[in-house]
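Those letters in the sequence shown? Residues 94 to 574, per the numbering used here, in order.
A quick write-up on the structure given underneath.
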Amino acid sequence: MPKPSSSSSQPRSRNYDVVVIGGGAAGIIAAWRSAQLGAKTLLIEKTCRLGTKILISGGGKCNIAHAGPIEDILKAFRPNEARFIRPAVYRFPNVEIMRMFTDRGLRIYTRPDGRVFPVDQTAKDVVAILKNYLFATGVEVWMNTPVEEIARAENGFQITLGEPFESSKGYAQDRKPKVAFGAKALLNEVRSNEVDDDRGHGPGVIQAERVVLATGGSSYPNSGTTGDGWPWAKQLGHTLEWIHAALAPIYLELDPFDPARSGVALRDVIVKAKADKKEIARWRNDMLFTHQGVSGPTILGISRLVAEAMPTSPVTLSVDLFPELDQEKLIERFVTDGKQSPKRQVATPLEERLPESIVPSLCADAGVDPATALGQLEKKARNRLVETLKNWPLGTVRTVSLEKGEVVAGGVKLDEVDPQTMRSLVQPGLYLCGEILDVAGPVGGYNLQAAFATGFVAGETAAKDSLEANEALAGSITGKR
Ligand SMILES: Cc1cc2nc3c(=O)[nH]c(=O)nc-3n(C[C@H](O)[C@H](O)[C@H](O)COP(=O)(O)OP(=O)(O)OC[C@H]3O[C@@H](n4cnc5c(N)ncnc54)[C@H](O)[C@@H]3O)c2cc1C
């Protein structure tokens, strides 16, 4: 990647047909597709790495897509989001995404739930393949080059580049290993590894007739996605839908905090959220107690609805610890157990199904001594215990973490972007793709799929528009001669 000879703040001449801002899933695919069609393409990335969020996705394995019929995939999104992404998801469907990777040697498999993962490789291999596509098609990549502003210029846009990001903002210095778990640990690891390229190309100003905005959302801001594209889009005339957490852990009002619970996982439970005594969300899967509240698939699944209810009403969570049995069947089971094994303690059957460490507090909440013999369990106590097992209160929601979410909901209003082309309907020459848009799917490979598909269409349209304009210009020059 050659470094430009000057970094003056004078606008540099237009050397590129398409400039893509943001080297994540959407931007990489947009740049690749644009270059593949013959457009001279520049990809500008703020950090020293491409695809950081891909590297930390799916626990470092990367759930690249969701298999199955496209109509089923669309059903996983909210109806307006599904309508919007439909043309892109048909244009660059899951099978094409998978082929793109398998063609370059990635072995993939589909889990029974439809999630597609690499077999023995990891997210690093996924990103390596994407980089390979970029370089094979001749995309020029400027790393460590934060875009600071985009303004309308006479023939397109003026893009202001800032100082190299990682050295100027303490990002690089922050790369020491820290004690962390899950995605945070992965991100620390990614950031302590070798960089792709740390030569910045700013400060300065460049001109571009066509710009693809692919700066992502604002969760995990240490990855480089800090919502930078939204104020630019707004300034260029777009409307922003309220940005809020989705697929995120939930922090609870924990008073008193029970340290014994932190790290405890509950398998196959139903978590329910209530606002104003009305159930607003429920999700069946696993749940994890954290030191600030709760997380895990059930919590990510309900988090967006909880975040949306929070501004108008307090939200409380409860968990059904025995979803396989309704209340009556569970009562029956305690009655039968009491007859068959009258001397067994109440705690024993609970410990067979649940982590031992939560049984004492569960029994305390039900007002039942865990040492009570099942044969001695009175009807009232049994009913209280069953009620607690089916509706164990977890607490009141303090906040849904925007920063720790896998995606954010909200972003550039979908009505202002053409779903067939990803062209901005507000600014000619502007294209938008990926998480900057108001689209947020559930866990399962849906979000990367949406980013890849909208990126593909944005890159394709920007390239075609540019090539057509170049041809028209060449034609008019020849005609004049
Ligand atoms: C922990 C975690 C796990 C996930 N797991 C999965 C999964 O397994 N499957 C799945 O489908 N989805 C997963 N997701 C969601 C998925 O990663 C995102 O939806 C997807 O990466 C969005 O792609 P994007 O290109 O729009 O944005 P991003 O991937 O966020 O890319 C945006 C890029 O723009 C760059 N940028 C930002 N501002 C500027 C600027 N000013 N100048 C230049 N560049 C800039 C950023 O540095 C970044 O590289 C996960 C997300 C997280 C956080």
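We treat Cβ as the ideally placed atom computed from N, Cα and C, and that holds for glycine.
| Asked | Found |
| --- | --- |
| E256 to I299 span [Cα, whole Å] | 14 Å |
| Near ligand 1: S127 beta-carbon under 8 Å from a heavy atom | no |
| Three-state secondary structure assigned by DSSP to S396 | helix |
| Distance cut-off 8 Å: E138 Cβ against heavy atoms of ligand 1 | yes |
| Under the three-state DSSP convention, the category T429 falls into | helix |
| Beta-ladder partner(s) of N378, from DSSP | V362 |
| Reduced DSSP secondary structure (H/G/I, E/B, other) of G552 | helix |
| Residue environment, F185, which counts as buried when at least 16 other CB atoms sit within 10 Å | buried |
| Sequence-distant residues of its chain with Cβ nearer than 7 Å to I392 (five each side left out) | P342, I343, V364, M380 |
| Cβ neighbour criterion (16 or more within 10 Å) applied to T318 | buried |
| Length of the line joining the Cα atoms of G575 and K168 | For the chain, the structure presents residues 94 to 574; residue 575 sits outside this window and is missing. |
| Any beta strand (DSSP E) of 3 or more consecutive residues that is wholly inside the stretch 452-517 | 485-493, 500-505 |
| Within 9 Å, strictly: CB atoms of G115 and I529 | yes |
| DSSP state of E282 mapped onto helix, strand, coil | helix |
| Whole-number beta carbon distance between L467 and L91, since they are thought to touch under 8 Å | Examination of residue 91 is not possible in this model, given that the chain is present from 94 through 574 alone. |
| K262 versus Q129 - alpha carbon distance | Because K262 carries a pLDDT of 45, less than 50, the predicted location of this residue cannot be relied on, and the following value inherits that uncertainty. Near 34 Å, if we compare the C-alpha coordinates of Q129 and K262. |
| Test item: CB-CB of L143 and I121 under 9 Å | yes |
| Cβ neighbour criterion (16 or more within 10 Å) applied to D508 | exposed |
| With 16 other Cβ atoms within 10 Å as the buried cut-off, status of P270 | The pLDDT assigned to P270 is 47, lower than 50, so where the model puts this residue is not dependable, and the model offers no usable value. |
| Cutoff 7 Å; reference D511; Cβ partners in own chain excluding five residues on either side | L518 |
| A358 classed as buried or exposed, judged by whether at least 16 other C-beta atoms fall within 10 angstroms | exposed |
| Spatial distance of A565 from G522 (CA atoms) | 16 Å |
| Cβ of Y539 within 9 Å of any chain D Cβ | You won't find chain D in this structure, because it holds only one protein chain. |
| Stretch pair the stretch 417-434 + the stretch 373-388: three plus CB contacts closer than 8 Å | no |
| For R208, the residue or residues it bridges with in DSSP | H159 |
| According to DSSP, residues forming a beta bridge with Y226 | None; Y226 has no bridge partner. |
| R184, DSSP secondary structure in three states | helix |
| Contact test: P342 Cβ vs ligand 1 heavy atom, cutoff 8 Å | no |
| Contacts around A353, its chain only, beta-carbon distance under 6 Å, and the 5 residues preceding and following it disregarded | S450 |
| Check: K146 C-beta below 8 Å from any heavy atom of ligand 2 | Among the ligands present in this structure, namely ligand 1, ligand 2 is not found. |
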